[in-house]
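Heads up, the thing below is written out as structure tokens.
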Amino acid sequence: MAGVMDAVNQRTQLVGQNRLELLLFRLDGPQLYGINVFKVREVLQCPKLTMIPKSHPVVCGVASIRGATIPILDLAMATGAGALKDQSNPFVIITEYNTKTQGFLVRSVERIVNMNWEDIHPPPKGTGHDHYLTAVTRMDDQLVEIIDVEKVLAEVSPSPETISHGVVDVETRSKALSLRVLTVDDSSVARKQVARCLQSVGVEVVSLNDGRQALDYLRKLVEEGKNPSEEFLMMISDIEMPEMDGYTLTAEIRNDPRMQNLHIILHTSLSGVFNQAMVKKVGADDFLAKFRPDDLASRVVDRIKAADHSQGQPLAVKTI
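Per UniProt numbering, the sequence shown starts with residue 1, numbered consecutively.
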């Protein structure tokens, strides 16, 4: 137990400091790509793969790794570049997203770099809507592209996006119609998933793309004399975002007495035992793994009921 707690303490030192570690890798060609180390379980030479009939074309096969059967995806093909051409001694990056484990086939793995989220930027304007990037950065005068893995996985293995019957009762849905929820996520796919789920509950959704944008938006509300906790029932924020991550966004909100009462849920594809310690450290109200429509809708329903019965905390009614 002591070893686990030491690891938790070590990994949480960066929380609220707007920093991350990127694993750099290459597909075909010289382009560098990055993935958050928090999502990486291990990196290994590609093991023997077993083909699965009628599987998605992007799935190269499955591998038996440490007693588990893990699907291996050709990341080059998944991002529209065609199958990985150079498959001489390829590597597999084993990752965990949205509580699911999968491997990504890549040509080579470079190194791990420690960076500031302020140095991670949204994709340049003009890249269109069909790209597979959530962000870009520079390392040693080279452009590093950070792939929208959630978009890749949504295309290969779509998750259900509808909430089950009975999760929202008629009375709660009626109350929800007058409420707003602020969502923050850099993935266009994730923003749409969350918006559709929340709109099914009945609330109005205001969607923003990253932590910096969200903090600027909330500060503007405060400068206009508005209280964010009265404007919004809650904020649901991703953790990994360019410019400012969700941990830092939460810490900034909690440190500002003008907005510190805003109810915050961190909603992320990051998995692992470290998250609860991190969430507690920055002062978020809750943590929820992506993407589980019933769980997300239930959190909103619970919040509606709690706010409705709370003395001195009015519901976040829409303003015209």
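Glycine residues also receive a C-beta, built at the ideal position from the N, C-alpha and C atoms.
Legend entry - Secondary structure of residue 148, DSSP reduced to three states: The three-state reading of DSSP puts residue 148 in coil, since its state is none of H, G, I, E or B.
Inset, instruction - Could you check what DSSP says for residue 3 in three-state terms: helix, strand or coil? - result: Per-residue confidence for residue 3 stands at a pLDDT of 44, beneath the threshold of 50, marking its modelled position as unreliable; the derived number appears in the next sentence. It is helical.
Inset, instruction - Inspect the CB distances between the region 19-28 and the region 72-84 and report whether three or more fall short of 8 angstroms. - result: As far as the Cβ criterion goes, the region 19-28 touches the region 72-84, which means the pair count is three or higher.
Inset, instruction - Quick one: give me the first and last residue of the alpha helix (DSSP H) that residue 321 is part of. - result: Missing from the structure shown is residue 321; the chain here goes from 1 to 320 and no further.
Inset, instruction - Measure from the alpha carbon of residue 302 to the alpha carbon of each residue in 176, 184, 228, 118, then state which is nearest. - result: The closest CA to that of residue 302, considering only 176, 184, 228, 118, is found on 176.
Inset, instruction - Give the C-beta separation of residue 308 and residue 299 to the nearest angstrom, bearing in mind that I take them to be a contact with Cβ-Cβ under 8 angstroms. - result: 15 angstroms between Cβ atoms; not a contact.
Legend entry - For residue 235: DSSP bridge partner residues: Partner(s): 182, 264.
Inset, instruction - Going by DSSP, name the residue or residues bridged to residue 208. - result: Checking the DSSP bridge columns, you'll see residue 208 partnered with 184.
Legend entry - Endpoints, alpha helix (DSSP H) assigned at residue 249: It spans 246-254 - the alpha helix (DSSP H) in which residue 249 sits, taken as one unbroken run.
Legend entry - Proximity below 8 angstroms, CB of residue 151 to CB of residue 181: Cβ atoms of residue 151 and residue 181: not closer than 8 angstroms.
Inset, instruction - Determine the direct distance from the alpha carbon of residue 305 to that of residue 172, and round the result to whole angstroms. - result: For residue 172 and residue 305, the gap between their C-alpha atoms comes out near 8 angstroms.
Inset, instruction - Please report how far the alpha carbon of residue 21 lies from the alpha carbon of residue 174, in whole angstroms. - result: Approximately 44 angstroms between the Cα atoms of the pair.
Legend entry - Cβ distance (whole Å) where residue 266 is taken to contact residue 237 below 8 angstroms: About 6 angstroms; that satisfies the 8 angstroms criterion.
Inset, instruction - Grab the span of the beta strand (DSSP E) containing residue 26 for me, first residue to last. - result: That run of the beta strand (DSSP E) goes 19-26.
Legend entry - C-beta contact flag for residue 41 and residue 94 at 8 angstroms: A contact, by the Cβ cut-off of 8 angstroms.
Inset, instruction - Report yes if the CB atom of residue 184 is closer than 8 angstroms to the CB atom of residue 214, and no otherwise. - result: Result yes, Cβ atoms of residue 184 and residue 214 sit closer than 8 angstroms.
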